[in-house]
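Reviewing the structure listed below.
Number of protein chains: 4
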Amino acid sequence: MADATTTVEQLRTLVRQFVDQRRWRQFHTPKNLATSIMIEAAELSEHFQWLTAEESLACAGQTPSDSPIAEELADVLSYVLALANALDVDLDEALRLKMLKNAIKYPAPPSQAVEA
Amino acid sequence: MADATTTVEQLRTLVRQFVDQRRWRQFHTPKNLATSIMIEAAELSEHFQWLTAEESLACAGQTPSDSPIAEELADVLSYVLALANALDVDLDEALRLKMLKNAIKYPAPPSQAVEA
Amino acid sequence: MADATTTVEQLRTLVRQFVDQRRWRQFHTPKNLATSIMIEAAELSEHFQWLTAEESLACAGQTPSDSPIAEELADVLSYVLALANALDVDLDEALRLKMLKNAIKYPAPPSQAVEA
Amino acid sequence: MADATTTVEQLRTLVRQFVDQRRWRQFHTPKNLATSIMIEAAELSEHFQWLTAEESLACAGQTPSDSPIAEELADVLSYVLALANALDVDLDEALRLKMLKNAIKYPAPPSQAVEA
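Those protein sequences? They're chains R, Z, E and X, same order as listed.
Each residue of the first sequence is one higher than the one before, counting from 0 in numbering that gives the first Met the number 0.
Each residue of the second sequence is one higher than the one before, counting from 0 in numbering that gives the first Met the number 0.
Each residue of the third sequence is one higher than the one before, counting from 0 in numbering that gives the first Met the number 0.
Each residue of the fourth sequence is one higher than the one before, counting from 0 in numbering that gives the first Met the number 0.
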């Protein structure tokens, strides 16, 4: 998995260069980018729209990196990265802080319980 | 920026452990996760709903990692990572493949034009 | 059911007056209204986010007009009506035309088959 | 405008018959229908994605009932009606109740102020 070695910043740079080379920064207001995440997420969701929960589970491990579902997921991610770039938000830091908050809101059950 | 050193896989692991410790995997069908990305993206979008393009631009550089906007962006990212985990998709590979496709669809103008 | 006697135009007028009394028309660009439909639809969807298909079916007939789910549905509808007002689209006509198109795309099976 | 004479119930019936003739009720869980509203709203929003507020305003009065934008709006409405059918919610009643609540939350300024 390339994810094992690629840093978040490397992906951010990839998106930043793509945007700048096309002079799209003028369109990339935070407002437009947030809407674009929703739009791409909806295109992703369309693949599962009429599937049962079980049918959607069957996609696990059956989604090569160039499949339509992986492409839509990549589109969502590209706008997440573009918005992080536009707002200058460190995603690693924001994610860790939010997960600390979530961990307090939703405490994990004791690990014995998990093992049992 | 922690994004400079954190790998995508490290963030994926963070989300995977959080989900597993809470035994949430049963709810994390690809169908539910795709919908959840949309829902979180909508919560993010709410922050910009009635702002003008210009007002939304003013958020740039004014969004600390623990601000409500950064938190919503982190929520979106966490579901993107959870869906990548559930489907076993390499995000780096999917993103690079999709951007190659986009680069053909939207060719960059010659670089002189950019410099001018 | 009041829906049996209320015309679409009466609901449109209700929304139009509400918007005009608050001088909100300046914010009600088609772009903002389309995004607002998505945002309200996401809030509606949150009520079903972690329910199974079966659990969501159990909401049928258990949703009074002043319940949270009915309120979110009303919010979505209010923005649909506001956008129809802003664009000056006749919803009855647009819906009938679209359903004719859908009927060609998805032909109904013969009625005997339905009766059997 | 046909909206002036068509009742909400007439549109609900139109959608109900379409769904039943195709035996789609099995797919029309409240969960799926709420997601479908989001998906169609996103397709609608795509038409305005990169437009400025001003450019989107120029669509007003330029949107015939069979235009792509009106079609997407009709798609959103059809799922709103389908969900009202599935949940057995009276839309007129739900909308009026929600607007009463909104009127308290957002009081209208005095009418002289509006006239001035």
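Beta carbons: idealized from backbone N, C-alpha and C, even for Gly.
Open item on the list: According to DSSP, Thr62 of chain Z sits in a beta bridge with which residue or residues?
Closed with: Position 63 of the second sequence holds residue 62 of chain Z. Its beta-bridge partners do not exist; DSSP assigns none.
- [ ] Could you give the DSSP three-state label for Thr5 of chain X: helix, strand or coil?
- [x] Against the fourth sequence, residue 5 of chain X aligns to sequence position 6. Correct three-state label for Thr5 of chain X: coil.
Open item on the list: Judging by CA-CA distance, which residue of X:Ala33, X:Pro109, X:Gln61 and X:Leu72 is the nearest neighbour of Val56 of chain E?
Closed with: By one-based count along the third sequence, residue 56 of chain E stands at place 57. According to the sequence shown, residue 56 of chain E is Leu rather than Val. Out of X:Ala33, X:Pro109, X:Gln61 and X:Leu72, X:Ala33 has the C-alpha closest to the C-alpha of Leu56 of chain E.
Task: Any 3 or more C-beta pairs closer than 8 angstroms across the segment 80 to 89 of chain X and the segment 69 to 85 of chain E - done: yes
- [ ] From the DSSP output, in three-state form, read off Phe47 of chain X for me.
- [x] What you label residue 47 of chain X is simply residue 48 of the fourth sequence in a count that begins at 1. Note: Phe47 of chain X maps to coil in three-state DSSP.
Open item on the list: Beta-carbon within less than 7 angstroms of Val14 of chain E's beta-carbon, same chain only, minus the 5 sequence neighbours each way: which residues are those?
Closed with: Position 15 of the third sequence holds residue 14 of chain E. Within the same chain, Val14 of chain E has close Cβ partners Ser77, Leu80, Ala81 and Asn84.
- [ ] Enumerate in chain order the residues of its own chain whose CB-to-CB distance from Ala40 of chain E is below 7 angstroms, with the five nearest sequence positions on each side excluded.
- [x] For the purposes of this step, residue 40 of chain E is identified with residue 41 of the third sequence, where counting begins at 1. Around Ala40 of chain E: Val75.
Open item on the list: Relative to the C-alpha of Ala102 of chain R, which candidate in Z:Pro63, Z:Arg21, Z:Leu10 and Z:Ile36 has its C-alpha closest?
Closed with: Taking the first residue of the first sequence as position 1, residue 102 of chain R is located at position 103. Comparing Cα positions, the closest option is Z:Arg21.
TODO: State the Cα-Cα distance for the pair Glu54 of chain R and Gln25 of chain X, rounded to the nearest angstrom.
DONE: As a position in the first sequence, residue 54 of chain R is number 55, starting the count at 1. As a position in the fourth sequence, residue 25 of chain X is number 26, starting the count at 1. Whole-angstrom Cα-Cα distance: 15 angstroms.
Task: Endpoints, the alpha helix (DSSP H) within which Met98 of chain E is located - done: Sequence index remark: in the third sequence, residue 98 of chain E carries index 99 (1-based). Taken as a continuous stretch (DSSP letters only), the alpha helix (DSSP H) holding Met98 of chain E covers Leu90 to Lys104.
Task: Alpha carbon of Leu43 of chain R to alpha carbon of Asn31 of chain Z, nearest angstrom - done: Your numbering for residue 43 of chain R matches position 44 in the first sequence. Your numbering for residue 31 of chain Z matches position 32 in the second sequence. Distance between the alpha carbons of Leu43 of chain R and Asn31 of chain Z: 11 angstroms.
TODO: On a CA-only basis, which of Z:Gln48, Z:Gln61, Z:Met98 and Z:Phe17 is nearest Pro106 of chain R? Give me that one, please.
DONE: Residue 106 of chain R sits at position 107 when you count from the first residue of the first sequence. It is Z:Phe17.
Open item on the list: Please tell me whether Asp2 of chain R and Leu96 of chain Z are closer than 9 angstroms, where the distance is taken between their beta carbons.
Closed with: Position 3 of the first sequence, counted from the start, is the residue given in the question as residue 2 of chain R. Position 97 of the second sequence, counted from the start, is the residue given in the question as residue 96 of chain Z. Result no, Cβ atoms of Asp2 of chain R and Leu96 of chain Z do not sit closer than 9 angstroms.
- [ ] Taking Asp74 of chain R as part of the alpha helix (DSSP H), name the residues at either end of that continuous run.
- [x] Within the first sequence, numbered from 1, the residue matching residue 74 of chain R stands at position 75. Taken as a continuous stretch (DSSP letters only), the alpha helix (DSSP H) holding Asp74 of chain R covers Pro67 to Leu86.
Open item on the list: Can you tell me whether Thr12 of chain Z is helix, strand or coil according to DSSP?
Closed with: Sequence index remark: in the second sequence, residue 12 of chain Z carries index 13 (1-based). Looking at Thr12 of chain Z - three-state DSSP - the assignment turns out to be helix.
- [ ] In the DSSP assignment, find the alpha helix (DSSP H) that holds Ala52 of chain X and state where it starts and stops.
- [x] Stepping through the fourth sequence from its first residue, residue 52 of chain X is reached at position 53. Element bounds for Ala52 of chain X: Ala52 to Leu56.
Task: Where Ala81 of chain R meets chain Z, residues with beta-carbon distance less than 7 angstroms - done: Counting from 1 along the first sequence, the entry for residue 81 of chain R is found at position 82. The premise fails here: Ala81 of chain R is roughly 11 angstroms from chain Z at the closest Cβ pair, so nothing lies under 7 angstroms.
TODO: With DSSP as the reference, label Gln20 of chain X as helix, strand or coil.
DONE: Working through the fourth sequence from its first residue, we reach residue 20 of chain X at position 21. Helix.
Task: Beta-carbon gap between Leu10 of chain R and Leu94 of chain Z smaller than 9 angstroms - done: Numbered from 1 along the first sequence, position 11 holds the residue referred to as residue 10 of chain R. Numbered from 1 along the second sequence, position 95 holds the residue referred to as residue 94 of chain Z. Taking 9 angstroms as the Cβ cut-off, Leu10 of chain R and Leu94 of chain Z qualify as a contacting pair.
- [ ] Pull out every residue of the segment 40 to 55 of chain X whose Cβ sits closer than 8 angstroms to any Cβ of chain R, in chain order.
- [x] Ala40, Ala41, Glu42, Ser44, Glu45, Gln48 and Trp49
Open item on the list: Using only the alpha-carbon positions, how far apart do Pro109 of chain Z and Asp19 of chain R sit?
Closed with: Numbered from its first residue, the second sequence carries residue 109 of chain Z at position 110. Numbered from its first residue, the first sequence carries residue 19 of chain R at position 20. Distance between the alpha carbons of Pro109 of chain Z and Asp19 of chain R: 12 angstroms.
TODO: Please classify Ala107 of chain X: does DSSP put it in a helix, a strand, or coil?
DONE: As a working mapping, residue 107 of chain X is identified with position 108 in the fourth sequence. Correct three-state label for Ala107 of chain X: coil.
- [ ] Return the CA-CA distance between Tyr38 of chain X and Gly60 of chain R, expressed in angstroms with no decimal places.
- [x] By 1-based counting over the fourth sequence, the position of residue 38 of chain X is 39. By 1-based counting over the first sequence, the position of residue 60 of chain R is 61. The amino acid occupying residue 38 of chain X in the given sequence is Ile; Tyr does not appear at that position. One C-alpha to the other measures close to 25 angstroms.
- [ ] Tell me whether the beta-carbon of Thr4 of chain X lies closer than 9 angstroms to the beta-carbon of Thr6 of chain E.
- [x] Within the fourth sequence, numbered from 1, the residue matching residue 4 of chain X stands at position 5. Within the third sequence, numbered from 1, the residue matching residue 6 of chain E stands at position 7. Closer than 9 angstroms, so yes.
TODO: Identify, in the order they occur along the chain, each residue of the same chain with its Cβ nearer than 7 angstroms to the Cβ of His27 of chain R, setting aside the five sequence neighbours on each side.
DONE: As a working mapping, residue 27 of chain R is identified with position 28 in the first sequence. Answer for His27 of chain R: Val18, Ala81 and Ala85, listed in chain order.
TODO: Could you tell me the distance, in whole angstroms, from the CA atom of Pro67 of chain E to the CA atom of Cys58 of chain Z?
DONE: Within the third sequence, the letter at position 68 stands for residue 67 of chain E. Within the second sequence, the letter at position 59 stands for residue 58 of chain Z. Pro67 of chain E and Cys58 of chain Z: Cα-Cα distance of roughly 32 angstroms.
Task: Any C-beta of chain R under 9 angstroms from that of Thr28 of chain E - done: Sequence index remark: in the third sequence, residue 28 of chain E carries index 29 (1-based). No - not a single Cβ of chain R is within 9 angstroms of the one on Thr28 of chain E.
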